[in-house]
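Those letters in the sequence shown? Residues -20 to -1, 1 to 326, by mature numbering (1 follows the signal peptide of the UniProt record, and there is no 0).
Even glycine gets a Cβ: it sits at the ideal position worked out from N, Cα and C.
Fair warning: this is a prediction, and the values are worked out from it, not measured in the lab.
These notes are about the structure you will find just below.
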Amino acid sequence: MNPHAKLISLFSLLLGSTITISSNHWIIAWTGLEINTLAIIPLISKSHHPRAVEASIKYFLVQASASALVLFSSMSNAWATGQWDITQLTNPTSCLLLTTAIAMKLGLAPFHFWFPEVLQGTSLTTALVLSTVMKFPPLTILFMVSPSLNPTVLTALALTSTALGGWMGLNQTQTRKILAFSSISHLGWMAAIIIYNPKLTMMTFYLYVLMTTSVFLSLNTTKTLKLSTMMTSWTKTPALNTALMLTLLSLAGLPPLTGFMPKWFIIQELTKQEMTTTALIISMLSLLGLFFYLRLAYHATITLPPNSANHMKQWHTNKSPKTLTAILTSLSAILLPLSPMILTTL
């Protein structure tokens, strides 16, 4: 890809996200979302492979439909209330339309079908951007309108996303698809709590971004796209693979790693809100995710390559792990002791 075109796309991504996050007016927020959508499409399709082109078309169609729903929701709310302010979303129909639109943009179940396919059709670095940066503007809008949202609808979306993210990730062999279903499952946890404690949702998102970035950068260093490739990647970077195992277990939410903290806080908050059944169901569904994270961790560090391998084992990788990857993987494992300090800010 032309460096100038890449620079313009990345700058437009930054600009679109900033516009959406900092706006109070529906039209300005919608403009930011549109800039984001148009900026990421060249990055998705940069390889010119048919799969990448297909992924970019799917992404464009879904995001365009969601943007149209956002615009329709804001217009119907303005028609009913005379307000274009994002925080003044009081019309029930507009709330429902907006929840649907944001669920489509984020990839919450049952509007998740595009997300694994798009991630599978693009490179690991673009998949990282789609899983982290592109989720931030829609989640910010959801954060701003959270007092007006319907709790029943969001709880249903949350439980469906956690269940589908867990079930559908079980049988996957492609690392990008597994991480896509992991993202859907984590978004379910965030949707469950956003009405009751929006700050906790944002903290969960930040920690999810930290851990997912670590996993994607580690996989990108060893060029691991399939589980079969991951089985032999230990010969390239043993230390990185050990750190990757800890990061994956952290994503699964096992104590004493960082990923346990948001799940612990969310279950605690749901219990406070007398939603013990929801907390129990979502905790049980997270065991499905735990299975495929353990499977990934097993492939990364414990499984030895078969003796009848048809490809040569690569004992040295051309790229050494970057300092950023080392810092992020470390943070993904050791932040749990900061829980009391973080709890005081919520």
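Going by other Cβ atoms of all chains shown within 10 Å of its Cβ, with 16 needed for buried, is residue i buried or exposed?
i: glycine 62; result: exposed
i: proline 242; result: buried
i: proline 90; result: exposed
i: alanine 19; result: buried
i: methionine 255; result: buried
i: lysine 302; result: exposed
i: proline -18; result: exposed
i: asparagine 4; result: exposed
i: isoleucine 93; result: Checking the displayed sequence, the identity of residue 93 turns out to be phenylalanine instead of isoleucine. Per the 10 Å Cβ criterion, exposed.
i: serine 2; result: exposed
i: alanine 35; result: buried
i: tyrosine 186; result: exposed
i: threonine 227; result: buried
i: alanine 48; result: exposed
i: threonine 17; result: buried
i: proline 96; result: buried
i: histidine 166; result: buried
i: leucine 7; result: It should be noted that the sequence gives isoleucine, not leucine, for residue 7. It is exposed - the Cβ of isoleucine 7 has fewer than 16 other Cβ atoms within 10 Å.
i: proline 118; result: buried
i: threonine 67; result: exposed
i: alanine 44; result: exposed
i: leucine 260; result: exposed
i: alanine 313; result: buried
Which residues in the same chain as residue i place their Cβ atom closer than 6 Å to its Cβ, once the five residues preceding and following it in sequence are excluded?
i: alanine 58; result: Trp64
i: phenylalanine 123; result: Pro178
i: threonine 184; result: Met170, Pro242
Using the Cα positions of residue i and residue j, report the straight-line distance between them to the nearest angstrom.
i: lysine 179; j: threonine 325; result: 9 Å
i: methionine 182; j: methionine 170; result: 8 Å
i: residue 329; j: alanine 32; result: Here the chain covers residues -20 to 326 and nothing more, so residue 329 does not appear.
i: isoleucine 158; j: leucine 205; result: 10 Å
i: isoleucine 173; j: isoleucine 246; result: 7 Å
i: lysine 26; j: glutamine 248; result: 44 Å
i: leucine 199; j: threonine 79; result: 33 Å
i: tyrosine 39; j: threonine 106; result: 13 Å
i: leucine 315; j: leucine 237; result: 7 Å
i: isoleucine 307; j: methionine 225; result: 15 Å
i: leucine 207; j: serine 266; result: 21 Å
i: leucine -14; j: threonine 251; result: 47 Å
i: tyrosine 176; j: serine 111; result: 24 Å
i: arginine 156; j: leucine 99; result: 6 Å
i: alanine 223; j: threonine 193; result: 13 Å
I need the boundaries of the alpha helix (DSSP H) containing residue i, first residue and last residue.
i: proline 118; result: 116 to 125
i: threonine 325; result: 319 to 325
i: isoleucine 8; result: 6 to 24
i: serine 128; result: Premise fails: serine 128 is in no alpha helix (DSSP H) and is neither H nor E.
i: tryptophan 169; result: 155 to 173
i: lysine 216; result: Neither: lysine 216 is in no alpha helix (DSSP H) and is coded neither H nor E.
i: isoleucine -13; result: -18 to 2
i: glycine 62; result: Glycine 62 -> no alpha helix (DSSP H), and no H or E assigned at all.
i: threonine 201; result: 178 to 202
i: isoleucine 261; result: 256 to 277
i: phenylalanine 95; result: 94 to 100
i: glutamine 248; result: 240 to 252
i: valine 109; result: 104 to 111
i: lysine 206; result: Note, lysine 206: premise wrong, no alpha helix (DSSP H); not H, not E.
i: threonine 80; result: 72 to 86
So does residue i have its beta carbon nearer than 8 Å to some heavy atom of the ligand NAD?
i: serine 162; result: In the structure on display, the ligand NAD does not appear, and there are no ligands present to speak of.
Of the choices the options, whose alpha-carbon is the least far from that of residue i?
i: alanine 60; options: Leu220, Ile8, Asn71; result: Asn71
i: methionine 191; options: Ser163, Trp169, Thr202; result: Ser163
i: alanine 219; options: Leu207, Val189, Thr305; result: Thr305
i: leucine 270; options: Ala48, Asn16, Gly146; result: Gly146
i: proline 131; options: Gln253, Ala81, Thr102; result: Gln253
i: phenylalanine 161; options: Ile21, Asn221, Leu231, Pro30; result: Leu231
i: leucine 274; options: Leu(-6), Ile262, Gly233, Leu86; result: Gly233
i: threonine 140; options: Ala83, Met55, Ile307; result: Ala83
i: isoleucine 262; options: Thr142, Ser128, Leu88, Ala81; result: Thr142
i: lysine 216; options: Ala223, Ala46, Thr202; result: Thr202
i: leucine 23; options: Phe(-10), Leu318, Thr73; result: Phe(-10)
i: leucine 129; options: Arg156, Val195, Ser53; result: Ser53
i: methionine 55; options: Thr257, Val98, Trp214, Thr73; result: Thr73
i: threonine 102; options: Ser126, Ile21, Ile175; result: Ile21
i: valine 133; options: Met(-20), Thr153, Thr193, Thr258; result: Thr258
i: tryptophan 214; options: Thr153, Leu276, Met264; result: Leu276
i: serine 319; options: Gly87, Pro235, Leu51; result: Pro235
i: glutamine 154; options: Phe196, Val42, Met321; result: Phe196
i: phenylalanine 240; options: Gly168, Pro317, Thr309, Leu86; result: Pro317
i: leucine 76; options: Met264, Ser126, Thr309, Ile15; result: Ser126
i: glycine 12; options: Phe116, Ile37, Gly87; result: Phe116
i: valine 42; options: His28, Pro30, Ile15, Leu86; result: Leu86
i: phenylalanine 272; options: Ile322, Gln152, Met264; result: Gln152
Beta-carbon within less than 7 Å of residue i's beta-carbon, same chain only, minus the 5 sequence neighbours each way: which residues are those?
i: valine 113; result: Leu(-8), Ser(-4)
i: threonine 120; result: Thr(-1), Ile1
i: leucine 268; result: Gly146, Trp147, Leu150
i: alanine 9; result: Thr(-1), Ser3, Ile66, Ile121
i: alanine 81; result: Ala46, Leu49, Val50, Ser53
Could you check whether the Cβ of residue i sits closer than 9 Å to any Cβ belonging to chain D?
i: proline 235; result: You won't find chain D in this structure, because it holds only one protein chain.
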